[in-house]
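Asks: To start, I am sharing the structure in question, which I have written as structure tokens.
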Amino acid sequence: MNNTHEITVNVETPGDPLVSRTLAILKDRIQQRCSIKVVQAGAEAQLVLTVAGDLPPEAFRIDQAGAAVRIAGGSPRGLLYGVGKFLRTSRYDGTFLPSTWRGTSTPQCPVRGMYFASHFHNWYHEASEPEIARYVEDIALWGVNAIQVSFPFLNLQGWDDPQAGPAVTMVRRYARIAKDMGLLFSIGAGNAQFNGAPKHLRATPLPDPTRRRGNSGNPICPGNPEGHAYIIENVRHLFEQLTDIGLDFVRYWPYDEGGCACEKCRPWGSNGFLKLSRDLTQLGREYFPNLKTILSTWMFDTPPEGEWQGLTDALGKDAGWVDYILADSHNDFPRYPLDVGVPGELPLLNFPEISMWGNWPWGGVGAHPLPSRFQRLWDQVKHVVKGGFPYSEGIYEDLNKAVVVQFYWDRDQSARTTLEEYIAYEFGSGVTQDVLAVIDILETAAECFDRNQPLNAEEARRAHRLADAVNGRLPTWARQNWRWEILYLRTVLERERSAGDGLETPAAEAAMVRLIEIYHCQMETDDPYHHRVRPLSRQAVSRRGEC
Ligand SMILES: [Zn+2]
Numbered sequence: 290m291n292n293t294h295e296i297t298v299n300v301e302t303p304g305d306p307l308v309s310r311t312l313a314i315l316k317d318r319i320q321q322r323c324s325i326k327v328v329q330a331g332a333e334a335q336l337v338l339t340v341a342g343d344l345p346p347e348a349f350r351i352d353q354a355g356a357a358v359r360i361a362g363g364s365p366r367g368l369l370y371g372v373g374k375f376l377r378t379s380r381y382d383g384t385f386l387p388s389t390w391r392g393t394s395t396p397q398c399p400v401r402g403m404y405f406a407s408h409f410h411n412w413y414h415e416a417s418e419p420e421i422a423r424y425v426e427d428i429a430l431w432g433v434n435a436i437q438v439s440f441p442f443l444n445l446q447g448w449d450d451p452q453a454g455p456a457v458t459m460v461r462r463y464a465r466i467a468k469d470m471g472l473l474f475s476i477g478a479g480n481a482q483f484n485g486a487p488k489h490l491r492a493t494p495l496p497d498p499t500r501r502r503g504n505s506g507n508p509i510c511p512g513n514p515e516g517h518a519y520i521i522e523n524v525r526h527l528f529e530q531l532t533d534i535g536l537d538f539v540r541y542w543p544y545d546e547g548g549c550a551c552e553k554c555r556p557w558g559s560n561g562f563l564k565l566s567r568d569l570t571q572l573g574r575e576y577f578p579n580l581k582t583i584l585s586t587w588m589f590d591t592p593p594e595g596e597w598q599g600l601t602d603a604l605g606k607d608a609g610w611v612d613y614i615l616a617d618s619h620n621d622f623p624r625y626p627l628d629v630g631v632p633g634e635l636p637l638l639n640f641p642e643i644s645m646w647g648n649w650p651w652g653g654v655g656a657h658p659l660p661s662r663f664q665r666l667w668d669q670v671k672h673v674v675k676g677g678f679p680y681s682e683g684i685y686e687d688l689n690k691a692v693v694v695q696f697y698w699d700r701d702q703s704a705r706t707t708l709e710e711y712i713a714y715e716f717g718s719g720v721t722q723d724v725l726a727v728i729d730i731l732e733t734a735a736e737c738f739d740r741n742q743p744l745n746a747e748e749a750r751r752a753h754r755l756a757d758a759v760n761g762r763l764p765t766w767a768r769q770n771w772r773w774e775i776l777y778l779r780t781v782l783e784r785e786r787s788a789g790d791g792l793e794t795p796a797a798e799a800a801m802v803r804l805i806e807i808y809h810c811q812m813e814t815d816d817p818y819h820h821r822v823r824p825l826s827r828q829a830v831s832r833r834g835e836c
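The sequence shown lines up with residues 290 to 836 when you count with the numbering used here.
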């Protein structure tokens, strides 16, 4: 590839929409980073994109074909993943240096999802369609194959709420964007319903002695026939909104927003929850005959109520309606599936919480990388899980997404290796060690935050000095990338918080106002939950209070 102004690409399998999209992504990401034109050409091209029948569908191979570099996928989606690897291992230092990586790569975990918690007017709730489409492209390049969103019942009074139409539009938009990228699409369903649900149908609050399950949202008692009918009716309406686009997975979530502790429903996780989830599966398969179900066990037996064992007993009799068991917690992985086994002997998925630990508001001080934390948690489960759906509240933990998705792709790829690939691809060559040092300090800052201690002031200053020095060396395309900007702003805010006069200073205020812009937060909001995802600017107003 000697021509420095042009790179020629031969697409051997034209006509497939995802192959065309993959070519467009390749072109865009290269041309964004250097002044070179990517043009389509015939047999003499320098780069060949192809679909090869000898590979597993999601696998890719990058090899030499004469003078050309050939990227082959086992399917159009496999080709997309191969282009992701090619882009990340190419270099863009003024000129384009094509990847020298050669080999074949096959994902080890079949479910490589990402859960966008699309609520509270966070980035997922507010971003425009082109921004979301681009973001989904970016994470798909890392190996994601499924997207999950939530319909924000919590934020709405009912279907006649003026915001219900836009919320349906948002869910449909994610479904379409996922499908256009050849990805699977998933939503959640359960007994958490509208704000305006009739009071007499409400669930009995849960015992929550450890205060980890939550009693948020508006759960309805499905043990009450009228409550059951209300849930079924609303979920039916939601399914009906997706019949023309398709739905691949539905996920049932027991707690936080959900649950009921009445006599008929308790213990919720192995009783009312299972009955309702089974009924919703039957309903869902009326609309989507191949619908797969993911049953979450989040916070089971907190406190001990025999929920895990109850689930094992129930699925021992009838597991036909469940396809995956999902397990995780706020911190260490639950012991039951590791020590006793997965109920129904079903494939196990995890649900790493990549957004909320060690920061408040979520994303409020910028980028939130936690590579060591996720390496430690992954090491507890990497021998058993078949993938998962990391929980995401926004784009500020983009680094964590890459780390976790690459664990799913290759169980033994270290978080550090992924970070090195991420940094070189997103920020350019020659800054990897300095950015890694910054990330280490930021992770320490999150650990300090979790323990309610300040970060060492000298460390905070050092992170900012390093970031400033890197900033001066970055090529324009990298400096203008929001991924760098939120990392840089985080070092400003850590410096002000730990080594300066706190988050009230003009420098801190300016950084937070910029984050508010990047996240599309509302400076004045009527959403009582929005403060959870909005940096603490002095100008920020919550007109209807905060929940
Ligand atoms: Zn109940």
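Where is the CB? At the ideal position from N, CA and C, for every residue including glycine.
Are the CB atoms of Gly506 and Phe442 within a distance shorter than 9 Å?
Replies: yes
Asks: Is Phe716 closer than 9 Å to Val759 when the C-beta atoms are compared?
Replies: The Cβ atoms of Val759 and Phe716 lie closer than 9 Å to each other.
Asks: According to DSSP, which residues form a beta bridge with Leu615?
Replies: Per DSSP, Ser585 and Leu638.
Asks: If I'm right that Ser559 touches Gly595 with Cβ under 8 Å, what's the distance once you round it to whole angstroms?
Replies: 7 Å
Asks: CA-CA distance, Phe483 and Ile296?
Replies: 53 Å
Asks: Can you tell me the Cα-Cα spacing of Thr532 and Asn745, whole angstroms?
Replies: 54 Å
Asks: In the DSSP output, which residue or residues are listed as bridge partners for Thr297?
Replies: Val328
Asks: To the nearest angstrom, report how far apart Phe385 and Cys323 are at their CA atoms.
Replies: 7 Å
Asks: Going by beta carbon distance, what residues of the same chain come within less than 8 Å of Glu552, once the five residues before and after it are set aside?
Replies: Gly512
Asks: Please go through the stretch 388-463 and give each complete beta strand (DSSP E) segment of 3 or more residues, from N-terminal end onward.
Replies: Within the stretch 388-463, the beta strand (DSSP E) runs of at least 3 residues that lie entirely inside it are, in chain order, 392-394, 400-405 and 435-438.
Asks: The alpha helix (DSSP H) spanning Asp628 covers which residue range?
Replies: Tyr625 to Asp628
Asks: According to DSSP, is Pro757 part of a helix, a strand, or is it coil?
Replies: In the sequence as presented, Pro is not what sits at residue 757; that position holds Asp. When DSSP states are grouped into helix, strand and coil, Asp757 belongs to the helix group.
Asks: If you follow the beta strand (DSSP E) that Asp602 is in, where does it begin and where does it stop?
Replies: First-last for Asp602: Glu596 to Lys606, but that is the alpha helix (DSSP H), not the beta strand (DSSP E).
Asks: Closest to Arg380 by C-alpha separation, out of Arg823, Glu710, Arg786 and Asp790, would be which residue?
Replies: Checked all of Arg823, Glu710, Arg786 and Asp790; the closest Cα to Arg380 is Glu710.
Asks: Rounding to the nearest angstrom, what Cα-Cα distance links Phe474 and Glu420 in this structure?
Replies: 18 Å
Asks: Distance check for Glu686 and Ser388, CA to CA, integer angstroms please.
Replies: 26 Å
Asks: Near Asp723, which residues of its chain fall below 7 Å by C-beta distance, leaving aside the five closest residues on each side in sequence?
Replies: Correct list, in chain order: Leu755, Ala758 and Val759.
Asks: Quick one: grab the DSSP three-state call for Gly362.
Replies: strand
Asks: So is the beta-carbon of Ala550 under 8 Å away from any non-hydrogen atom of ligand 1?
Replies: Checking the Cβ of Ala550 against ligand 1 gives yes.
Asks: How should Gly652 be labelled, buried or exposed, when 16 other C-beta atoms within 10 angstroms of its C-beta is the threshold for buried?
Replies: When all chains shown are included, Gly652 counts as buried.
Asks: Per DSSP, which one or two residues make a beta bridge with Asn579?
Replies: DSSP lists no partner for Asn579.
Asks: What does Leu725 pair with, by DSSP beta-bridge criteria?
Replies: Per DSSP, none; premise fails for Leu725.
Asks: With the cut-off set at 9 Å, would you say Thr570 and Trp542 are in Cβ contact?
Replies: no
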